[in-house]
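In the working numbering, the protein residues as written are 41 to 579. Quick reminder that beta carbons are idealized off the backbone N, C-alpha and C, glycines included. Structure first, commentary second.
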């Protein structure tokens, strides 16, 4: 008889439910339950550092494979939640156990699925566990919402210009409580004020970025400040000095202002909605810290950003250059396409120039520009000279890894799961008919709850079915696109020149992961997408 012990712990805490302790308790349980069995072989599966939020765990998957191969007779777990957090995952796992005649024992809950009653109680416990977890998450979310209404800092990295500190206080019940708040960082806040002044002068995030790079102004961790960081500073109301105009502005933009104290900075909550905050409105409330940007300046900056967003130019999309988006400078920055002056013959050359070099005015990077026509030609020669069978192999690899997902199998699995749940519900209805409404009142209530859980699971699976059908449609369209390119380059040398510009760029992006220019060594380093192959080309 072969018995598996499965243990899981998402992180080391030093508490009594460690991997080692779980295994020891399971061994004791085996010795007690199977004391009369002599030929017992124990196989141990350990998933340390893996969360139970899904079943994508190496030891768990190996164990399930052995169960499907009918190589295990029973599985022992310390607690039911070691198998997973979600009722759906646990029930699906139990179905696989039953299908392959493998018993499941839980040491703590004293559950044995070899009996119908054990299976029923296991389902009930899984439902209760899921309910408790969901209830805890909801309470945490509600608590954060209440703290946000009061202008509390809810954690995470402090914005540029601030540090966060943890303070304690004694509540009305005499308990020690803690909360976080922002305190001003004088060195950093001067950079924030400078950003606002520069933006009002230049009216451009790119120009502010260039100025900061050329003057070697760094961010919170000492690195150079990128454009998205500048924009996040400019739109963050934590810097504004609150007054009635700010309150009116925020309310016009969909915020509910729950706390208003002139002179203070403002913290917001639920700016972006997710599953946890979907039912909560956007909040804004004044915090403990003082604001530093005058209200009229802050509002002016928001208006300029909104205006510039409407007039944003389409950059970096060249109808001539083939390597835009793939070619990078040795310093790590993207190489932008820069057009030269019109020549006497009417042509206009183009070059690839390091974006960091352009933005920093040669102060951070001074890599030489790369002649666009020459490097594009050399790369095309590299591709055309490359064995066409290898090119097709590259695209086949992409089709295999990215698009050849057996969605029919996924659809079948979901449909089978729905049918199994419906069968289970039907069996429970039949069992209910055999029970006495007076004598078996509690069991009937438990059965009814299980049926409600099954209905919920069926609804979830049907929604998943719609998602898979949508995903399948998208994948089929993308796969057709890749197959079309693959077909076009089957006779690569004669057909590459016949591809239009966008198809050529698609081919290059699928074949090459990255191309890096180094003017000091006068080399281009090519990294292929699906292989760890690098080669240097002398220019």
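In this chain, the beta strand (DSSP E) harbouring residue 86 covers 81-88. In this structure, 132 is the residue among 496, 132, 493 and 544 with its C-alpha nearest to the C-alpha of residue 460. Taking C-beta separations shorter than 6 Å and ignoring five residues to either side along the sequence, the partners of residue 47 in its chain run 59, 62, 63 and 86, following chain order. The stretch 186-197 and the stretch 298-313 touch, with three or more beta-carbon pairs separated by less than 8 Å. The C-alpha of residue 246 lies about 23 Å from the C-alpha of residue 363. Using a C-beta cut-off of 8 Å, the stretch 321-336 makes no contact with the stretch 264-273, since fewer than three inter-stretch Cβ pairs fall below that distance. Between the stretch 369-378 and the stretch 268-283, the count of C-beta pairs closer than 8 Å stays below three; the two stretches do not touch.
Residue pairing for residue 193: DSSP places it in a beta bridge opposite 220.
In this structure, residue 378 places its C-beta atom within 9 Å of the C-beta atom of residue 398.
For residue 207, the enclosing beta strand (DSSP E) has its first and last residue at 202-210. Within a 10 Å sphere around the beta-carbon of residue 375 sit 16 or more other beta-carbons, which makes this residue buried. Looking at the DSSP output, residue 557 sits in a beta bridge with 369 and 564. Judged by DSSP in its simplified three-state form, residue 121 adopts helix.
Uninterrupted beta strand (DSSP E) stretches at least 3 residues long and entirely within the stretch 315-347 occur at 323-330, given in chain order.
Take the alpha-carbon of residue 388 and the one of residue 540: they are about 20 Å apart.
Looking at the DSSP output, residue 375 bridges to 394. Between the alpha carbons of residue 558 and residue 292 lies a gap of roughly 51 Å.
For residue 59, the secondary structure class from DSSP, reduced to helix, strand or coil, is helix. Taking 3 residues as the shortest admissible run, the stretch 259-321 contains the following complete beta strand (DSSP E) segments, listed from N- to C-terminal end: 296-299 and 304-309.
Taking the Cα positions, residue 153 is about 51 Å away from residue 204. Per the C-alpha coordinates, the member of 218, 259, 138 and 210 positioned closest to residue 229 is 259.
Selection 385, 89, 117 and 174 evaluated against residue 43 yields 117 as nearest (Cα-Cα).
The stretch 89-107 makes no contact with the stretch 66-81, as fewer than three CB pairs between them are under 8 Å. Each residue's CA atom was taken as its position, placing residue 281 and residue 339 some 11 Å apart. Between residue 418 and the set 542, 95 and 361, the nearest pair of CA atoms involves 361. DSSP lists 116 and 152 as the beta-bridge partner residues of residue 145. Ranked by Cα distance from residue 274, the first of 303, 199 and 410 is 199. Just so you know, the alpha carbons of residue 330 and residue 458 end up roughly 57 Å apart. Between residue 235 and residue 252, the CB-CB gap stays under 9 Å. In the three-state DSSP reduction, residue 384 falls in the coil class, being neither helix nor strand.
Per DSSP, the unbroken alpha helix (DSSP H) holding residue 236 starts and ends at 226-242. Here residue 142 is actually not in contact with residue 175; their C-beta atoms are around 32 Å apart, not less than 8 Å. Between residue 327 and residue 222, the C-beta spacing is below 9 Å. The alpha-carbon of residue 194 is positioned some 10 Å away from that of residue 183. One Cα belongs to residue 343, the other to residue 135, and the distance between them is close to 58 Å.
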